[in-house]
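Under my numbering, the first residue of the sequence shown carries the number 24, and numbering increases by one thereafter. Where is the CB? At the ideal position from N, CA and C, for every residue including glycine. Because the structure is a prediction, the values reported are computed rather than measured.
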Amino acid sequence: MNGRQCPGTCNAAHRRNGAGTLISGDPVWCRRCQALIRARLLDLDDQAALLAALEGGHRARSGERVSGSRGRPSPAPHVDDLDELLHTLLGWEDAYREHRGLAPRPRRGRFAPTLAGNIAWLAAHLDGLLSFDGAADFGREVLRLHRRLVRHTRGGRSSGRVRMPCPGCDLRSLERDEAGEGIRCRNRRCGRTYTSEEYESRMRGAEGGEAR
Ligand SMILES: [Zn+2]
Ligand SMILES: [Zn+2]
C-alpha cells in the first residue's frame, strides 16, 4: 500500500516534501530513522552504565523488591528505570525470537552482562526488528527509553557536561564545576577532578591518538 508514513519524527518535520513516505516493500521505518534507532539502541548500554554509576550502582534484582514488601516507595528511581529498560528490551528479544522460531534467550548472568548481551543481540537483528509486525512499537520504545535515561544522566545541567569520557572510569560522566575552572567526574566511585589545563592536554592527546 502506497503512502504509508514512517512512524518517526521525520514525518512531522518533512511531511511536505515527502521524506518519510514509504512505498510498498519498504521497511516500517525510513532509513534516517533506522540509523537513529540503531544509534540510540547501542547508546542505551552506555547510558545505563552511567546512570548506575551516578546513582551508586544497580541493586541485584531478586524475586522480591526490597521496597515493595514494606510498602515504601522505591529507594531510588533509577533502579526502576533500569529495571524497566532491561525488561522492555528482553521482552522484545523474546518476542522476536518467538516470531522467527529461534531458540529461547540464554541466561546471561547479572544486570550488566544481561543488558549488554541483550542489546548486542537486538543490534545484530535490527534490520528484522525494524520491519517485522512489532517494528513500529519496538522503534518507538527504544527512542522513549533512551530519552528517559538521558534525562536522568544529564542531571538537568546539560550546559556543564563534557563530551569526552572520564580518563579514570571511561564513562561520559565529566562536567565543569560551578566556577568553570575545572572538570570533575560525577561517578561517585571515581570522582576524579581535572584542571582545565589537564583536561585540554588530555583532549589534544585523544585527538592526536585518533589521527594516527
Ligand atoms: Zn523516519
Ligand atoms: Zn571518572
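Check your understanding: Under a Cβ-count criterion, where at least 16 other Cβ atoms within 10 Å of its own Cβ denotes burial, should L59 be classed as buried or exposed?
Key -> For this step, residue 59 is matched to residue 36 along the sequence shown. Flag for L59 reads buried.
Point to revise | Sequence-distant residues of its chain with Cβ nearer than 7 Å to T137 (five each side left out) | key: Translated into the one-based positions of the sequence shown, residue 137 becomes position 114. The answer, listed in chain order, is L109 and R131.
Exercise for review: With a floor of 4 residues, list each alpha helix (DSSP H) that falls wholly inside the region 147-222, ordered by position along the chain.
Suggested key: 149-152 and 158-177
Check your understanding: Quick one: Cα of R128 to Cα of A146, how far?
Key -> Taking the sequence shown and counting its residues from 1, one reaches residue 128 at position 105. Taking the sequence shown and counting its residues from 1, one reaches residue 146 at position 123. Taking the straight line from one Cα to the other gives about 15 Å.
Review point. Hey, out of R54, P30, Q70 and Q28, whose CA is closest to D193's CA?
Key: As a first step, residue 193 is located in the sequence shown; it is residue number 170 there, counting from the start. It is Q70 whose Cα lies nearest to the Cα of D193.
Exercise for review: Taking E221 as the reference, give the member of P190, L125, W115 and S196 with the closest Cα.
Suggested key: Position 198 of the sequence shown holds residue 221. It is P190.
Review point. Cα separation between L67 and E204?
Key: Indexing the sequence shown from 1 puts residue 67 at position 44. Indexing the sequence shown from 1 puts residue 204 at position 181. Those two C-alpha atoms are separated by around 31 Å.
Practice item. Kindly confirm or deny that the region 105-122 and the region 211-221 touch, where touching means at least three C-beta pairs closer than 8 Å. Key: no
Review point. The alpha helix (DSSP H) spanning R54 covers which residue range?
Key: Within the sequence shown, numbered from 1, the residue matching residue 54 stands at position 31. Here the alpha helix (DSSP H) through R54 covers R54 to E78.
Exercise for review: Using the Cα positions of R211 and S196, report the straight-line distance between them to the nearest angstrom.
Suggested key: As a working note, residue 211 is residue 188 in the sequence shown. As a working note, residue 196 is residue 173 in the sequence shown. So the two alpha carbons sit approximately 10 Å from each other.
**Study point:** Between the CA atoms of D106 and C208 - distance to the nearest angstrom
**Key:** Reading the sequence shown from its first residue, position 185 is the one you call residue 208. Reading the sequence shown from its first residue, position 83 is the one you call residue 106. Approximately 25 Å, taken between the alpha carbons.
Practice item. Taking all protein chains shown into account, decide if D160 is buried (16 or more other Cβ within 10 angstroms of its Cβ) or exposed. Key: One-based indexing of the sequence shown puts residue 160 at position 137. Answer is exposed; the Cβ neighbour count stays below 16.
**Study point:** Distance, S154 Cα to Q28 Cα
**Key:** Working through the sequence shown from its first residue, we reach residue 28 at position 5. Working through the sequence shown from its first residue, we reach residue 154 at position 131. Q28 and S154: Cα-Cα distance of roughly 13 Å.
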